[in-house]
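The block underneath contains the structure these notes are about, expressed in structure tokens.
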Amino acid sequence: MKRIQGWGNAKTDYPVPEPAKQYLEAVLGEPESLQNTPVEDLINRVPPSNLPQHNLIQTDPEDRLRHARGQSLGDWIEMFDGLVDTFPSGVAYPQNNADIRDLMAYASKHSVNLIPYGGGSSVVGHLTPPEKGPLTISVDLARMNQLHDLNTSNLEATFGVGASGPQIESALQEKGFILGHFPQSWEYSTLGGWIVTRSVGQQSYHYGRIEPLFVTGHLETPAGPLDLPRVPKSAAGPDLRHIILGSEARLGILTEATVRIRRLPEEERFYAAFLPDFATGIEAMRQIAQQELPLSMVRLSDSMETETTFQLSGEERLVKIAKTGLNLFGQGKNRCMLIYGLTGNHAKNRLADRQLGSLIRKYNGMLVKFYLGEAWMKKRFLTPYLRNTLWDLGYALDTLETALPWDKLKSGRNTIIDAIGHGLEEENQQVLVFSHISHVYTNGGSMYITYLFRRSSDPHQTLARWQKIKTTASENIVAMGGTITHQHGVGLDHKPFLGAEKGPLGMSIIKDIIQKVDPDTIMNRGKLLDID
Ligand SMILES: Cc1cc2nc3c(=O)[nH]c(=O)nc-3n(C[C@H](O)[C@H](O)[C@H](O)COP(=O)(O)OP(=O)(O)OC[C@H]3O[C@@H](n4cnc5c(N)ncnc54)[C@H](O)[C@@H]3O)c2cc1C
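Sequential numbering of the sequence shown, starting at 6, is according to this note's numbering.
Below, the structure written as structure tokens:
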């Protein structure tokens, strides 16, 4: 069963080892001892539903609470500390397009707001019911999760959009195929959610972001259905896939999507390397991308993230030995860990590994061909569970991301890290902040930043701390010309910064498209941009 407060399956935990607790205390200060609001109290707060009856809509208070928020830090503070005060008035579980059309007709008739719900893993406030205005129904797409068609000749598969990462991969892999879209939220996030938020998987360097994987789909809009063509490529005017990608439910509900698939690779390996410092690491990453080395992923942690990864690993003895070895080979305290993946046939992988090895050596780096890479791979979907444990210890953790061209990446990262690191100085609170680059292109890369700070016994203060850091970071990102989001989408949290990226004409084009297909504004009101 999925947790109501926090991330993931209630039976899965990621304990923080004792030395790591001491490390966090040394950096952030002793955490306050805090209690979470009991789930029962939250359920009791859900007001009675006053929706007109409909056979697809349930009004059970626990279910409404489960669909009230996503996974942003703001959502967490509200759910754990009892600040949550807006709930969907009902939850619907449609099974087909006719059900969706029925719900849209109901929403238009009764002026109700519909929020599609995929895996609920949004980290930017996509799922929050509006405070004012119409009642909200959460449209949970979990029952629209089947494999509809597998075309092995064209290497395409068509799924219902509620299919989660594990559902998609098990359906494909048992037949010898793979989609290869692995966001860290893979355990719960869904095909529909990935497409409308422009998600990026950890092996995007090989498999591509969701955009090139998305071939075609069926969108139910309030103005009627939209079917995209199923062609390999087209020059027939603007590509309508691109108004669905990133539409964040403002245009309707995507009900079915066809994606590009591949044959399962012959082998897959993950290894690690170390570079002496982050600036050198960035240069190596640029070369990897621009020489188009045939890896399946590459991820470079800065020195603080490298050290924190060591501290949180729970492998005290191993880490001690590793550090001695690394120091001996010239990888001192500024060392940065690089994880890389090899996916394909054996000969291609060997060649890629040799190319990567000589590039790493050219930058005075060192390869580590045992343990670290495989350990990263095995824990990659477990790591988000650390956030639950850290929260219970008294620390709030959040992440944010951007993408910048290579010639701005290093200075841009330093500016953001600096702004976040000093973000709570006025309150005399420390912030632990670190970063990695995990998606690279020939012209630049993404920057993913994680930060932790102490929770306060006053939840409003915890919320204010988060808002302060988030706003400062976002303002800095926009000022340096970075994108406000490389992968998480806009939702509520990035909405104030969208205009800076799109410009006034761009914003009005997006607005016009939304108004054309949703004249009564029944779809995910208030997200992405303001219309009303
Ligand atoms: C631990 C963690 C790790 C993450 N890692 C990554 C990562 O590596 N890469 C990445 O890109 N993102 C990541 N995210 C963010 C998040 O997982 C993605 O944005 C994901 O694409 C959301 O998918 P979902 O199915 O959970 O959508 P939801 O959170 O349920 O919904 C997100 C938005 O999409 C809309 N929506 C969902 N389905 C449909 C549909 N069928 N039709 C129309 N609208 C729809 C919803 O209304 C909402 O506006 C992470 C989040 C968490 C919590």
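Note that the Cβ used here is the ideal one computed from N, Cα and C, for glycine as well.
Range of the contiguous beta strand (DSSP E) that encloses T488 | For this step, residue 488 is matched to residue 483 along the sequence shown. For T488, no beta strand (DSSP E) segment is defined, and its DSSP state is neither H nor E.
When the distance is taken between beta carbons, is S54 closer than 7 Å to S126?
-> By 1-based counting over the sequence shown, the position of residue 126 is 121. By 1-based counting over the sequence shown, the position of residue 54 is 49. No; because the gap between Cβ atoms is not below 7 Å, this pair is not in contact.
In chain order, what residues of the same chain lie with their CB nearer than 8 Å to the CB of T394, ignoring the 5 residues before and after it?
-> As a working note, residue 394 is residue 389 in the sequence shown. Hits under 8 Å: D18, Y19, P20 and V21.
With DSSP collapsed to three states, give me the class of A380.
-> Here the question's residue 380 lines up with position 375 in the sequence shown. A380: helix per DSSP, three-state reduction.
Starting from R274, trace the beta strand (DSSP E) both ways and give me its first and last residue.
-> Looking up residue 274 in the sequence shown gives position 269. First-last of the beta strand (DSSP E) with R274: E272 to L280.
Where DSSP assigns a beta bridge to K7, which residues make up the other side?
-> Position 2 of the sequence shown, counted from the first residue, corresponds to residue 7. According to DSSP, which records beta bridges pairwise, K7 is partnered with N14.
Cut-off 7 Å between Cβ atoms - residues of its own chain near S252, not counting five sequence neighbours on either side | Stepping through the sequence shown from its first residue, residue 252 is reached at position 247. Answer for S252: V201, listed in chain order.
Of all the options I442, P99 and L510, which has the alpha carbon lying nearest to the alpha carbon of P121?
-> Numbered from its first residue, the sequence shown carries residue 121 at position 116. Selected option, being the one with the closest Cα: P99.
How is V144 classed by DSSP in three states: helix, strand or coil?
-> Here residue 144 refers to the residue found at position 139 of the sequence shown. Strand at V144.
Hey, would you say I518 sits closer than 7 Å to I249, going by beta carbons?
-> The residue given as residue 518 occupies position 513 in the sequence shown. The residue given as residue 249 occupies position 244 in the sequence shown. No, these two residues do not count as a Cβ contact at 7 Å.
Could you please give the first and the last residue of the uninterrupted alpha helix (DSSP H) stretch that includes A357?
-> To locate residue 357, count along the sequence shown from 1; it is residue 352. Per DSSP, A357 belongs to the alpha helix (DSSP H) from H351 to K367.
Whole angstroms is fine: what's the gap from D80's alpha carbon to L256's?
-> Here residue 80 is taken as the residue at index 75 of the sequence shown, counted from 1. Here residue 256 is taken as the residue at index 251 of the sequence shown, counted from 1. For D80 and L256, the distance between alpha carbons rounds to 24 Å.
Which residues mark the beginning and the end of the beta strand (DSSP E) in which T263 is found?
-> In the sequence shown, residue 263 corresponds to position 258, counting from 1. I258 to R265 is the extent of the beta strand (DSSP E) around T263.
Segments assigned beta strand (DSSP E), at least 3 residues, entirely inside the stretch 129 to 216 | For the stretch 129 to 216, whole beta strand (DSSP E) runs of length 3 or above, ordered along the chain, are 141 to 145, 152 to 156 and 161 to 165.
Neighbour flag for E297 against chain D, beta carbons, 7 Å = No chain D appears in the structure shown, which is made up of a single protein chain.
Three-state secondary structure (DSSP) of L298 | Reading the sequence shown from its first residue, position 293 is the one you call residue 298. Correct three-state label for L298: coil.
How many whole angstroms separate the CB atoms of G197 and G167, which I take to be in contact at a CB cut-off of 8 Å?
-> Residue mapping note: residue 197 aligns to position 192 of the sequence shown, counting from 1. Residue mapping note: residue 167 aligns to position 162 of the sequence shown, counting from 1. At roughly 7 Å, the Cβ-Cβ gap stays under 8 Å, so G197 and G167 are in contact.
What whole-angstrom Cβ distance do P464 and L88 have, given they're in contact under 8 Å?
-> The count along the sequence shown starts at 1 and reaches residue 464 at position 459. The count along the sequence shown starts at 1 and reaches residue 88 at position 83. By a beta-carbon distance limit of 8 Å, P464 contacts L88. Their separation comes to about 6 Å.
Would you call the stretch 204 to 224 and the stretch 296 to 314 touching, i.e. three or more CB-CB distances under 8 Å?
-> yes
List the residues that DSSP assigns as beta-bridge partners of Y453.
-> Counting from one through the sequence shown, the residue named residue 453 turns up at place 448. For Y453, the pairing in a beta bridge is given by DSSP as E406 and H441.
Nearest CA to the CA of G337: which residue from A401, T329 and P139?
-> In the sequence shown, counting from the first residue as 1, residue 337 sits at position 332. Comparing Cα positions, the closest option is T329.
Hey, E161 and V236: beta-carbon distance below 7 Å or not?
-> The residue labelled residue 161 in the question sits at position 156 within the sequence shown. The residue labelled residue 236 in the question sits at position 231 within the sequence shown. No.
Backbone secondary structure at A112 - three-state DSSP | The sequence position of residue 112 within the sequence shown is 107, counting from 1. Note: A112 maps to helix in three-state DSSP.
Spatial neighbours of W411 within its chain, please: CB distance less than 6 Å, with the 5 preceding and 5 following residues excluded, ordered by chain position.
-> Residue mapping note: residue 411 aligns to position 406 of the sequence shown, counting from 1. For W411, where only same-chain residues beyond five positions count, the Cβ hits under 6 Å are R291 and G449.
Out of E216, L437 and E261, which has the shortest C-alpha to C-alpha gap to T314?
-> Residue numbering aside, residue 314 sits at position 309 when the sequence shown is read from its first letter. Among E216, L437 and E261, the Cα nearest to that of T314 is on L437.
Would DSSP call A97 helix, strand or coil?
-> Translated into positions along the sequence shown, residue 97 becomes position 92. A97 falls in the strand class under three-state DSSP.
Given G13 as reference, the closest of S194, A327 and T404 once Cα atoms are compared = Sequence index remark: in the sequence shown, residue 13 carries index 8 (1-based). Here the closest residue by C-alpha is S194.
Give the DSSP bridge partners of I120, in chain order.
-> Within the sequence shown, residue 120 is the residue found at index 115, counting from 1. Bridge partners of I120: S143.
S126: beta carbon under 6 Å from a heavy atom of ligand 1?
-> Against the sequence shown, residue 126 aligns to sequence position 121. Checking every heavy atom of ligand 1 against the Cβ of S126, one is found closer than 6 Å.
Starting from M371, follow its DSSP beta bridges and name the residues at the other end.
-> Here residue 371 is taken as the residue at index 366 of the sequence shown, counted from 1. According to DSSP, M371 bridges with F279.
Is there at least one non-hydrogen atom of ligand 1 closer than 6 Å to the beta-carbon of G75?
-> Walking along the sequence shown from the start, residue 75 turns up at place 70. Result yes, Cβ under 6 Å from ligand 1.
Flag this pair as yes or no: are the beta carbons of S113 and D535 separated by less than 7 Å?
-> Against the sequence shown, residue 113 aligns to sequence position 108. Against the sequence shown, residue 535 aligns to sequence position 530. The answer is no: Cβ separation not under 7 Å.
What did DSSP end up calling I344 once you bin it into helix, strand or coil?
-> Taking the sequence shown and counting its residues from 1, one reaches residue 344 at position 339. Three-state DSSP puts I344 in a strand.
T263 and H223 closer than 7 Å at C-beta = Counting from one through the sequence shown, the residue named residue 263 turns up at place 258. Counting from one through the sequence shown, the residue named residue 223 turns up at place 218. In this structure, H223 does not lie closer than 7 Å to T263 by Cβ.
Take Q434 as the anchor and find which of R460, S416 and V445 has the nearest alpha-carbon.
-> Residue 434 sits at position 429 when you count from the first residue of the sequence shown. Checked all of R460, S416 and V445; the closest Cα to Q434 is R460.
Bridge partners of V303, per DSSP?
-> If you number the sequence shown from 1, residue 303 lands on position 298. BP columns for V303 point to Y345.
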